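Report on the structure given below.
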Ligand SMILES: Cc1cc2nc3c(=O)[nH]c(=O)nc-3n(C[C@H](O)[C@H](O)[C@H](O)COP(=O)(O)O)c2cc1C
């Protein structure tokens, strides 16, 4: 859905389970998909990539992060993966783009929060599936402006 909204001709899909550092470095604008698992943790495939990420220099990269979460069953860790990844990327020099309002979600705490915004786009397929299309469409338009 996101790729269609951004325009397929403008995007290249890379599998997060097999991505390499060199692949990441070959792009200036990136979108990371980071769902939250294990009560506020990254899924295994991202967790295993963290050591490599921590050795990378991402200065000059603009990176947007989206991620699935479940605000009803995990209200204390809603979409934490977005925040964990945004911190890691920012620490390596990347500029995080694609912040979104946390209004319209119902949760207790989230590492994705920066003030009253998420450091990316939180999607909840379990509890708010009908909002995804609009959220993704809006975010794609925002990214078209924030990516240069
Ligand atoms: C074992 C388990 C732990 C989860 N932990 C969290 C969590 O801490 N926070 C959250 O927002 N969602 C959590 N979720 C919900 C998932 O993020 C959600 O199901 C999401 O749609 C999974 O996305 P994926 O299929 O792209 O990996 C968890 C789901 C499972 C099964």
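In our numbering, the protein residues as written are 415 to 562. Glycine is no exception: its CB is placed at the ideal position from the N, C-alpha and C atoms. Note that the coordinates shown come from a computational prediction; the quantities given were computed from them, not determined experimentally.
query                                                                                                                        : result
Residue ranges of each alpha helix (DSSP H) within the stretch 450-482, 4 or longer                                          : 458-461, 464-468
Endpoints, the alpha helix (DSSP H) within which residue 506 is located                                                      : Per DSSP, residue 506 belongs to no alpha helix (DSSP H) and is neither H nor E.
CB contact flag (residue 506, residue 456, <8 Å)                                                                             : no
Residues of its chain near residue 539, where Cβ-Cβ distance is below 7 Å and the 5 sequence neighbours each way are ignored : 482, 546
Beta carbon of residue 440 nearer than 8 Å to that of residue 492                                                            : no
Contact set for residue 489: own chain, Cβ-Cβ below 6 Å, skip 5 residues either direction                                    : 521, 522
Residue 459 beta carbon near ligand 1 (any heavy atom closer than 7 Å)                                                       : no
Top-ranked residue by Cα proximity to residue 535, from 543, 526, 541, 542                                                   : 526
Burial state of residue 415, where buried means 16 or more other Cβ atoms lie within 10 Å                                    : exposed
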